[in-house]
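Heads up: the structure comes next, in structure tokens.
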Amino acid sequence: MPIGSLGRSKSGRHRPADEPQETLPDEELTSYLAALAPDSDNETTASGFGNAQVYQLRLQLMANEQLKELAAERQTSPQALATEWVMQRLEWEERQRGN
């Protein structure tokens with residue numbers, strides 16, 4: 001049903017209030033809402049991490065601009081670059097603990 005026809009009959013007038021309306025479930029909407037709904041599991045990502053925690057990173061304006069520029073040079077996103085750096089640092093920290 002086109003959006004412009006919602007609530008109107010083909011003659012362009014509104015339907016009478018007593019006219020039954022279809023109440024079929026909208027499977028696409030249901031699926032979309034289910035995907036948005038939080039579940040009890042940790043958040044997962046499509047990038048292959050089974051269980052992932054989401055952190056919000058606040059940067060000063062200059063640092064944010066620098067991150068964006070570096071990411072663009074490397075043809076990646078600022079989020080991916082920051083994640084890569086954090087993972088590299090965690091590996092480095094772990095190696096330092098072993099010494």
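Reading the sequence shown from the start, the letters are residues 1 to 99 in the UniProt record's numbering. Every residue, glycine too, gets a C-beta built ideally from N, C-alpha and C.
Range of the contiguous alpha helix (DSSP H) that encloses residue i
{"i": "Ala71", "result": "Leu61 to Glu73"}
{"i": "Tyr32", "result": "Glu27 to Leu36"}
{"i": "Gln56", "result": "Neither: Gln56 is in no alpha helix (DSSP H) and is coded neither H nor E."}
{"i": "Thr83", "result": "Pro78 to Gly98"}
Cβ-Cβ distance between residue i and residue j below 8 Å
{"i": "Leu67", "j": "Leu81", "result": "yes"}
Nearest candidate by alpha-carbon position, reference residue i, set the options
{"i": "Gln53", "options": "Leu36, Gln96 and Thr83", "result": "Thr83"}
{"i": "Leu59", "options": "Gln88, Pro78 and Thr30", "result": "Pro78"}
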